[in-house]
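Enquirer: Residue numbering for the sequence shown follows numbering that gives the first Met the number 0, starting at 0 and increasing by one per position.
We treat Cβ as the ideally placed atom computed from N, Cα and C, and that holds for glycine.
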Amino acid sequence: MTKNYVEKCPRCGGTVVEKEVTEVLYGGVNTAILRIKTGVCVLCGERLYTPEMVRQFEEIEARLEKQETADFEPLGQSFQVLLENLETSAQPTSRW
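(1) Hey, quick one: how far does the beta strand (DSSP E) through Val15 stretch, first residue to last?
(2) Leu15 and Val39: beta carbons closer than 8 Å?
(3) Just to confirm, are Leu63 and Tyr25 a CB contact at a threshold of 8 Å?
(4) Quick one, are the C-beta atoms of Tyr4 and Leu33 less than 8 Å apart?
(5) Can you tell which of Arg10, Gln79, Glu6, Thr37 has its C-alpha closest to the C-alpha of Val53?
(6) Cys8: buried (16+ other C-beta within 10 angstroms of its C-beta) or exposed?
(7) Tell me which residue opens and which closes the alpha helix (DSSP H) that Leu63 is part of.
(8) Can you look up Leu81 in the DSSP assignment and give me helix, strand or coil?
(9) With DSSP collapsed to three states, give me the class of Gly38.
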């Protein structure tokens, strides 16, 4: 591994390997999606971040909150759908 991650997961004792993961950060009404490499437990999926990564996450969240996003790449738009506006059927179904 290129980072200084622990070899064993502090949660379950499983082996930690470096993987690329998606992390979603929120600040106010804004959201940022990050693709980063970090340590991940192969047994329980626990993600292990360095203190520097956590500091950067907090900085991004603060910028999102303040709407300081000029150098962030827009990905599209988000929409809120109110459930009372959705049509309901007589028979409950699920596709999940």
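Expert: Once the coordinates are examined:
(1) Run containing Val15: 15–26, per the beta strand (DSSP E) assignment.
(2) The amino acid occupying residue 15 in the given sequence is Val; Leu does not appear at that position. The answer is yes: Cβ separation under 8 Å.
(3) When the beta-carbon positions are compared, Leu63 and Tyr25 come within less than 8 Å of each other.
(4) With contacts defined as CB atoms closer than 8 Å, Tyr4 and Leu33 fail to qualify as a contacting pair.
(5) Ranking the options by Cα distance to Val53, first place goes to Thr37.
(6) Buried, because 16 or more other Cβ atoms sit within 10 Å of the Cβ of Cys8.
(7) 50–64 is the extent of the alpha helix (DSSP H) around Leu63.
(8) Three-state DSSP puts Leu81 in coil, outside helix and strand.
(9) Gly38: strand per DSSP, three-state reduction.
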